[in-house]
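A.B. asks: Position in the sequence shown counted from 1, then plus 133, gives you this note's numbering. For glycine and all other residues, C-beta sits at the position ideal for the given N, C-alpha and C.
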Amino acid sequence: MYKWNPHVTRETFPKDFLASLVVFLMALPLCMGIALASGVPAELGLITGIIGGCVVGFITGSPLQVSGPAAGLTVLVYEIVSKHGVEALAVIVLTAGLLQIVMGILSIGQVFRSVSPAVVNGMMSGIGITLILSQMYIIAGLHPKAEGLENIQHFPQLVSHLFEPASIGPISVGIGALTILILYTWSKFARGKFAAIPAPLIAVTICTAITAVFNLPITHVSLPDNIFGAVKIANIQAVGHM
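1. Please report the straight-line C-alpha distance between VAL189 and PRO289, rounded to a whole angstrom.
2. In chain order, which continuous runs of the alpha helix (DSSP H) of length 4 or greater are located wholly inside the stretch 269-318?
3. Anyone know if the C-beta pair for ALA160 and GLY182 falls short of 7 Å?
4. Return the CA-CA distance between ILE265 and GLU144, expressed in angstroms with no decimal places.
5. I need the straight-line Cα distance from LYS278 to ASN284, nearest angstrom please.
6. For SER200, which three-state DSSP category applies?
7. What's the call for GLY166, buried or exposed, on a 16-neighbour Cβ count within 10 Å?
8. Looking only at C-alpha atoms, which of VAL224, PRO331, SER267, HIS353 sits nearest to LEU316?
9. Using three-state DSSP, classify GLU144 as helix, strand or coil.
10. Determine the contact status of GLY185 and GLY205, defining contact as a CB-CB distance below 7 Å.
11. Return the Cβ separation of GLY281 and HIS294 in integer angstroms, given the expectation that the two are a contact with Cβ distance under 8 Å.
12. Helix or strand or just coil, what does DSSP make of HIS353?
13. Counting C-beta neighbours from all protein chains within 10 Å, is the total for LEU275 16 or more, i.e. buried, or is it exposed?
14. With DSSP run on the structure shown, which of helix, strand or coil describes SER240?
15. Suppose contacts are defined by Cβ-Cβ distances below 7 Å. Is ALA168 in contact with THR207 by that definition?
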């Protein structure tokens, strides 16, 4: 193992293994969360994390790079899946990857330096706002709408849902708010060795434990016995959606 990877030695392996364990515990809920926010089954997020962590890790130019699902494309993926299905998403992602390879070979990437940072910042801000609105439905125990504009239009119904007698919204919102609170305050109050523990890991552990101990009636993520059962091979009909 030490011969084929010069970055791994007997001295660094224990620390590398501990770091990989922490990354795994953080990536597990992150992959499922991004998958659900993108409108695809949670098991596809796990598969994406496995491929990103194993395959990309062998071919990347940085030994410290961690690859996996990205939240920045959640809005785009959600709209593609809701309109055209997962099969079309596979074709679009494959085509985008091939285009990136071709652009890299032809050194076309320099052209994108002419794009104004204001355009990029505006696009990312729009994606962030749309993503926050969609996640507000999930944190209230509801399903987000297919498009960002619909999430804005139905926001009053979301608020009224929280005040319904039989709604699980207040409990779900409380757990979500506690998670966010831990994320932003852990680094300020953690001392000593506890400060080295990532805030997302602490937030997920505490909130999951509270939910399990008190058996809170909130929506849970369900996974099948075979996570690869959700994988759908792209067919020729999916090309027409492009």
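C.D. replies: The short version:
1. Here residue 189 refers to the residue found at position 56 of the sequence shown. Here residue 289 refers to the residue found at position 156 of the sequence shown. Roughly 43 Å between the two C-alpha positions.
2. 281-286, 288-295
3. As a position in the sequence shown, residue 160 is number 27, starting the count at 1. As a position in the sequence shown, residue 182 is number 49, starting the count at 1. Contact: yes.
4. Position 132 of the sequence shown holds residue 265. Position 11 of the sequence shown holds residue 144. Roughly 43 Å between the two C-alpha positions.
5. Here residue 278 is taken as the residue at index 145 of the sequence shown, counted from 1. Here residue 284 is taken as the residue at index 151 of the sequence shown, counted from 1. C-alpha separation (whole angstroms): 6 Å.
6. Along the sequence shown, one-based indexing puts residue 200 at 67. Coil.
7. Within the sequence shown, the letter at position 33 stands for residue 166. The residue in question, GLY166, is buried, as its Cβ has 16 or more Cβ neighbours within 10 Å.
8. Stepping through the sequence shown from its first residue, residue 316 is reached at position 183. LEU316 has its Cα closest to that of PRO331, out of VAL224, PRO331, SER267, HIS353.
9. Residue numbering aside, residue 144 sits at position 11 when the sequence shown is read from its first letter. DSSP places GLU144 in coil when its eight states are reduced to three.
10. Counting from one through the sequence shown, the residue named residue 185 turns up at place 52. Counting from one through the sequence shown, the residue named residue 205 turns up at place 72. For GLY185 and GLY205, no; Cβs fall outside 7 Å.
11. Along the sequence shown, read from residue 1 onward, the residue named residue 281 stands at position 148. Along the sequence shown, read from residue 1 onward, the residue named residue 294 stands at position 161. About 19 Å separates the two Cβ atoms, so there is no contact after all.
12. To locate residue 353, count along the sequence shown from 1; it is residue 220. Coil, per DSSP.
13. What you label residue 275 is simply residue 142 of the sequence shown in a count that begins at 1. So LEU275 ends up on the buried side.
14. Looking up residue 240 in the sequence shown gives position 107. Three-state result, SER240: coil.
15. For this step, residue 168 is matched to residue 35 along the sequence shown. For this step, residue 207 is matched to residue 74 along the sequence shown. No, Cβ-Cβ distance for ALA168 and THR207 is not below 7 Å.
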